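Numbers in this note's numbering are just positions in the sequence shown, counted from 1, shifted up by 20.
Just so it is clear, CB atoms sit at the ideal spot from N, CA and C, and this is done for glycine as well.
In this text, all values refer to a predicted model and were calculated from it rather than measured experimentally.
A short worksheet on the structure shown next.
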Amino acid sequence: MQCRLGYGVMVTLQILVLPFLVRVRVAQRPSTEAGLWNSGLAKRLGYGVMVTLQILVLPFLVRVRVAQPTSESLINRLTN
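Below, the structure written as structure tokens:
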């Protein structure tokens, strides 16, 4: 059977994991002058930073070389 090279298309997925920082509100206890945590219940709101990951799955098309049978070989195969 005779074949020639042609082009086909396939779908592939690209997975991206992107880390980024997010600023969040957190409750913080005020410290004493000695640098120790205050034993009282007084709290204030402050900001903290956390790292989070965004996962993206992106489909896209890729052109690939494929072997394709020639029309004469298909006709011969069908008639035999």
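- Contact annotation: V42 and L65 have beta-carbon atoms that are not nearer than 9 Å.
- Note on geometry: alpha-carbon atoms of Q74 and L38 lie some 5 Å from one another.
- Its Cα nearest to that of F40, the residue V71 stands out among V31, M30, V71.
- According to DSSP, T72 shares a beta bridge with F40.
- Sequence-distant partners of V77 (beyond 5 residues in either direction) whose C-beta falls short of 7 Å from its own C-beta, in its chain, are L33, I35.
- Ranked by Cα distance from L81, the first of V31, V44, T99 is V31.
- As computed with DSSP, T32 is found in a beta bridge with F80.
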